[in-house]
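Down below is the structure, laid out as structure tokens.
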Amino acid sequence: MGLSQSSQGTQSPPPATQPSLPSHAPQSILSLFLPATPPLLTHDHIPPALSDITLVTSYLAYLGLPLELALRILDEARYWDGCRRESKKEVMVYSTRDGGYVKRGLEWLTGQEEEVPEAAMAGDGGLEGGKGKVWYLVSSPIGCFGDSDPMNTRVGHGERTAWVKEVVIETFSKDQGWSNYAQHYGTYDSSYSWFEVSLLRGDKEVPGSRHIVQHNVHAGQYCKYHTNTLTIEHPTLQLAQQGDRIVLWVRALYPGWSNWIREGAITVFSAPFPQA
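Going by my numbering, the sequence shown opens with residue 127, and the numbers climb by one from there.
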């Protein structure tokens with residue numbers, strides 16, 4: 127028995143849609159030159175406070191778990207307190223100039239000069255700059271606990287010992303936007319515009335603590351966001367002691383090279399227990 131005309135599909139099928147790329151699909155090289163999306167430095171998840179960590183530890187112990195196992199669970203879950211410092215001050219660092227260049231000829235100041243030792247910024251202090259070398263941001267002390275103020279400068283909590291777990295470095299920056307090496311455009315090869323971290327202990331830099339964490343895109347046309355996570359295996363953190371501070375340095379080398387940073391952040395994650 128044939129189908130009636132009213133039951134036959136008379137509408138044409140909807141046009142096929144173009145498949146969308148998965149979120150994890152690699153970006154094309156053109157993305158290195160296209161305008162960046164708004165900076166992500168303002169998007170953070172609020173880490174647990176020390177009181178939260180203590181409370182959850184008590185809950186797990188109440189359930190009958192041995193303390194060692196409870197702390198292992200918290201460590202594996204990355205249930206750590208965090209102290210975050212960020213800056214949205216723009217500065218251009220030129221390879222051939224001392225200090226940073228600010229638009230309208232203003233003097234470059236980080237805004238943290240009052241919270242670091244004055245001796246650190248003079249002579250052979252740990253924040254002494256030079257040509258193509260300027261400190262941009264200093265973290266809260268290693269071992270800080272955020273509690274009510276996630277940007278505090280306190281160390282520990284009373285006499286409580288804290289262990290650094292992880293440090294996250296964020297930057298939003300670009301180089302001078304040109305070079306004589308077109309073959310490297312859009313890559314990170316032969317980029318002489320970069321960022322370093324070091325440890326500040328008192329007013330001195332900890333020997334051997336300075337390491338490169340990120341290069342700018344070679345001849346990048348727009349600022350790019352980068353995030354770098356330093357685990358406890360990182361050579362800088364291997365030297366860290368409670369009370370040390372992470373310093374973010376803006377660097378440029380060789381004539382013509384510069385480093386323009388618009389935003390930066392350092393988050394220090396700590397916990398009141400050692401590595402599981």
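Glycine residues also receive a C-beta, built at the ideal position from the N, C-alpha and C atoms.
Note that this is a predicted model, so its numbers are computed, not measured.
Counted within 10 angstroms of its Cβ, other Cβ atoms place residue i as buried (16 or more) or exposed
i: residue 224; result: exposed
i: residue 341; result: buried
i: residue 375; result: buried
i: residue 231; result: exposed
i: residue 325; result: buried
i: residue 117; result: This structure gives no information on residue 117, because the portion of the chain shown stretches from 127 to 402.
i: residue 179; result: buried
i: residue 222; result: exposed
i: residue 304; result: exposed
i: residue 173; result: buried
i: residue 195; result: exposed
i: residue 381; result: exposed
i: residue 410; result: Only positions 127 to 402 of the chain appear in this structure, which leaves residue 410 out of reach.
i: residue 377; result: buried
i: residue 398; result: buried
i: residue 306; result: exposed
i: residue 295; result: buried
i: residue 317; result: buried
i: residue 389; result: buried
i: residue 258; result: buried
i: residue 193; result: exposed
i: residue 387; result: buried
Simplified DSSP state of residue i, which is helix, strand or coil
i: residue 397; result: strand
i: residue 230; result: helix
i: residue 316; result: coil
i: residue 198; result: helix
i: residue 301; result: coil
i: residue 207; result: strand
i: residue 389; result: strand
i: residue 307; result: coil
i: residue 184; result: helix
i: residue 295; result: strand
i: residue 213; result: strand
i: residue 265; result: coil
i: residue 335; result: coil
i: residue 193; result: helix
i: residue 326; result: strand
i: residue 172; result: coil
i: residue 442; result: Here the chain has residues from 127 to 402 only, and residue 442 is not among them.
Cross-strand partners of residue i (DSSP beta bridge)
i: residue 224; result: 257
i: residue 321; result: 340, 376
i: residue 218; result: 227, 386
i: residue 290; result: 396
Does the region 261-271 come close enough to the region 362-375 that 3 or more CB-CB pairs lie under 8 Å? yes
Residue ranges of each beta strand (DSSP E) within the region 341-384, 3 or longer: 350-357, 371-378
Pairing CB atoms from the region 222-241 with CB atoms from the region 353-365, are three or more of them under 8 Å? no
At least 3 beta-carbon pairs within less than 8 Å: the region 207-225 vs the region 382-396: yes
Below 8 Å, how does it come out for the region 329-336 and the region 238-252: are there three or more Cβ pairs, yes or no? yes
Assess, as a yes-or-no matter, whether the region 307-317 is touched by the region 211-219 under the definition of 3 or more beta carbon pairs within less than 8 Å. no
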